[in-house]
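Below is one structure; the comments refer to it alone.
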Amino acid sequence: MDVCLHYKDNQENQHDLMLITHRNLEDFPCRVLKKFTPWFPSGADKYLPIKPKKAPPVISPKHLKSARCCLQREEFVVLSCCPDDEQFEEARKRKFATSSEGIDGEWNNAQLENESKKFRRSWSVFSHKTKTAESVQPFSRQFHMAIQTFGLHHHQRAKWIICELNCAPNSIEEVWSRLSHAIKHSRLPTCNANLQRSLAQIWVYSDVFYCEYIGHFLRHKLQLSGEINLAVHKLGNIFNHSFLSTL
Amino acid sequence: MTTLTRQDLNFGQVVADILCEFLEVAIHLILYVREVYPSGIFQKRKKYNVPVQMSCHPELNQYIQDTLHCVKPLIEKNEAEKVVVVIMDKEHHPVERFVFEISQPPLLSISSETLLSHLEQLLRAVILKISVCDAVLDNNPPGCTFTVLVYTREAATRNMEKVQVIKDFPWIVADEQEVLMQEPRLIPLKTMTSDIVKVQ
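Chain order of the listed sequences is A and B. Residue numbering for the first sequence follows numbering that gives the first Met the number 0, starting at 0 and increasing by one per position. Residue numbering for the second sequence follows numbering that gives the first Met the number 0, starting at 0 and increasing by one per position.
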């Protein structure tokens, strides 16, 4: 910053003028203020955040192996509280014992193993092969009517719902196993399936075009009994097994 | 175009719903990317039309849900300033902080056709940034854990009652030790500004 000093010609001592100017331009003395500390407690935590008192769960890789088999289940066994595998196993047994399946008797190791096997896979394996062993029949009149009524596209997905009652005298797991095998070996075109263990249902998805063929297959090859429903997303049930049985 | 103000009935609720949903996705992804939990408990899901990782460990999921459930009323009332995911080492010293600064405009311009798709694009961009943030961050020490800190606009103690939504999920004021980092380095990830919320 430049400072210009204008003075009258009659002032002789320029040195004095310079001194006066310097003195006037000196910085104001700064008084250091004390840091403000509030006397009331309410503002003391203003800049401190809040957090949940409870700590998040600790999941070590050691427990992960044991946990994997249970991750499939909807009712999950609490793992993180257990410091070692023995405690985890005990917790797992306790959990099963309190579930509806374990009410009548104690769980032994064999049952636990069966249980873990049982819950291994819920989705069918999909094969990219499109070859089908049997030829696909044209639609029946009833099924054609259903397609017309609901305005379905041939490539729209629909699902057959197989309940536990339909599987009798076989178990739903046996039916699921045979169905998975059939899908894996491309016997059911455009088909994939999902075992809903919590609902005790098998959902068999396929294109509308193949639905009737798949319905016949399910009825005859998997020896289903009773009525199975065909459902389409948003529309609900549009067709059932009783129609098929009249074909 | 409809213009709503903060006083309108659902404004805060809409923002809180959107933000909490986003924060849930972000927390899961941070825990995966920064390897706070073993990768085996995560599964790939799709959110905002991009792949994200989500924990399938019920206890952890419940913890995150409970946390956000408690934070929601604060966001609804525009009282939450920052939500911070802190990754801490074994000694509970913070090693990383993912800071989500939230500010909401006083006026809201809603064009329902464009709002959600635009907002989704913005949130997607933030999520994508988080998913690649490990490229600019150092590896964390083993045995890290995490916590969620919520900075409020007013003194924390005044908001304690508002967050105690869940009976078994109490909240406390964080220790200074958990808040302060030694020699912090700031890495900006993404700023997003939408009609209803600004996050950076």
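Glycine included, every Cβ here is placed at the ideal spot set by N, Cα and C. On a predicted model such as this, the values are computed, not experimentally measured, just so you know.
With a threshold of 8 Å between beta carbons, is residue i in contact with chain B?
i	result
Pro168(A)	no
Leu47(A)	yes
Lys53(A)	yes
Val57(A)	yes
Lys233(A)	no
Cys34(A)	It should be pointed out that residue 34(A) corresponds to Lys in this sequence rather than to Cys. Cβ-Cβ to chain B under 8 Å: no for Lys34(A).
Lys50(A)	yes
Just to confirm, is the Cβ distance from residue i to residue j under 8 Å?
i	j	result
His153(A)	Asp206(A)	yes
Val172(B)	Ile49(A)	yes
Leu187(A)	Ile160(A)	no
Val125(B)	Lys189(B)	yes
Pro56(A)	Leu179(B)	no
Gly235(A)	Leu164(A)	no
Glu75(B)	Gly11(B)	yes
Leu28(B)	Val51(B)	yes
Trp122(A)	Asn193(A)	yes
Asp65(B)	Phe168(B)	yes
Leu47(A)	Glu78(B)	no
Glu177(B)	His91(B)	yes
Ile40(B)	Cys55(B)	yes
Val94(B)	Pro140(B)	yes
Val32(B)	Asp133(B)	yes
Leu217(A)	Val203(A)	yes
Pro51(A)	Val164(B)	no
Ile186(B)	Val131(B)	no
By Cβ distance, which residues of its chain are closer than 7 Å to residue i, with the 5 residues on each side in sequence left out?
i	result
Arg177(A)	Leu221
Asp8(A)	none
Against chain A, does residue i count as a neighbour if the rule is that its beta carbon must be under 8 Å from one of theirs?
i	result
His68(B)	no
Leu22(B)	no
Glu119(B)	no
Phe97(B)	no
Gly11(B)	no
Leu59(B)	yes
Pro72(B)	no
Val164(B)	no
Val135(B)	no
Met159(B)	yes
Val83(B)	yes
His169(B)	The sequence shown places Pro at residue 169(B), rather than the His named in the question. Taking Cβ atoms only, chain A reaches closer than 8 Å to Pro169(B), which makes this a yes.
His92(B)	no
Please confirm whether any heavy atom of the ligand FMN lies closer than 7 Å to the CB of residue i.
i	result
Phe142(A)	Summarising the ligand content, the structure contains no ligands, and the ligand FMN is consequently not present.
Leaving out the 5 sequence neighbours to the left and right, which residues in its chain are closer than 6 Å to residue i when beta-carbon positions are compared?
i	result
Tyr150(B)	Glu80, Lys81
Thr144(B)	Met87
Leu16(A)	Tyr6
Gln200(A)	Ile160, Cys162
Leu4(A)	Thr20
Pro72(B)	Lys161
Cys157(A)	In the sequence as presented, Cys is not what sits at residue 157(A); that position holds Ala. For Ala157(A), where only same-chain residues beyond five positions count, the Cβ hits under 6 Å are Val207, Cys210, Leu229, Val231.
Lys97(B)	Here residue 97(B) turns out to be Phe, not Lys, going by the sequence shown. Same-chain partners within the cutoff: Ile29, Val84.
Arg123(B)	Tyr47, Val49
Looking only at its chain, what residues have a beta carbon closer than 8 Å to the beta carbon of residue i, apart from the 5 residues adjacent to it on each side?
i	result
Leu18(A)	none
Exercise for review: Give the residues from the segment 172-183 of chain B that approach chain A closer than 9 Å (Cβ to any Cβ), ordered along the chain.
Suggested key: Those residues of the segment 172-183 of chain B that come within reach of chain A (Cβ to Cβ, closer than 9 Å) are Val172, Ala173, Asp174, Glu175, Glu177, Val178.
Review point. Which runs of the beta strand (DSSP E) spanning at least 3 residues fall entirely within the segment 110-192 of chain B, listed in chain order?
Key: Counting only runs of 3 or more, we get 144-151, 170-172.
Review point. In the segment 152-223 of chain A, which residue ranges form an unbroken beta strand (DSSP E) of at least 3 residues, counting only runs that do not cross its ends?
Key: Correct list: 156-162, 191-195, 200-206.
Check your understanding: For the segment 175-198 of chain A, which residues have a beta carbon sitting closer than 8 Å to at least one beta carbon of chain B?
Key -> Result list empty, no residue passes.
Exercise for review: Enumerate, from N- to C-terminal direction, the unbroken alpha helix (DSSP H) stretches of 4 or more residues contained entirely within the segment 49-79 of chain B.
Suggested key: Taken in chain order, the unbroken stretches of alpha helix (DSSP H) that lie wholly in the segment 49-79 of chain B and span 4 residues or more are 57-75.
Point to revise | Against chain A: residues of the segment 22-52 of chain B by CB proximity under 7 Å | key: For the segment 22-52 of chain B, which is checked against every Cβ of chain A, the residues closer than 7 Å are Tyr36, Pro37, Gly39, Ile40.
Point to revise | Near-chain A residues of the segment 140-153 of chain B (beta-carbon distance less than 8 Å), N- to C-terminal order | key: Hits within the stretch, in order: Thr144, Phe145, Thr146, Val147, Leu148, Val149, Tyr150, Thr151, Glu153.
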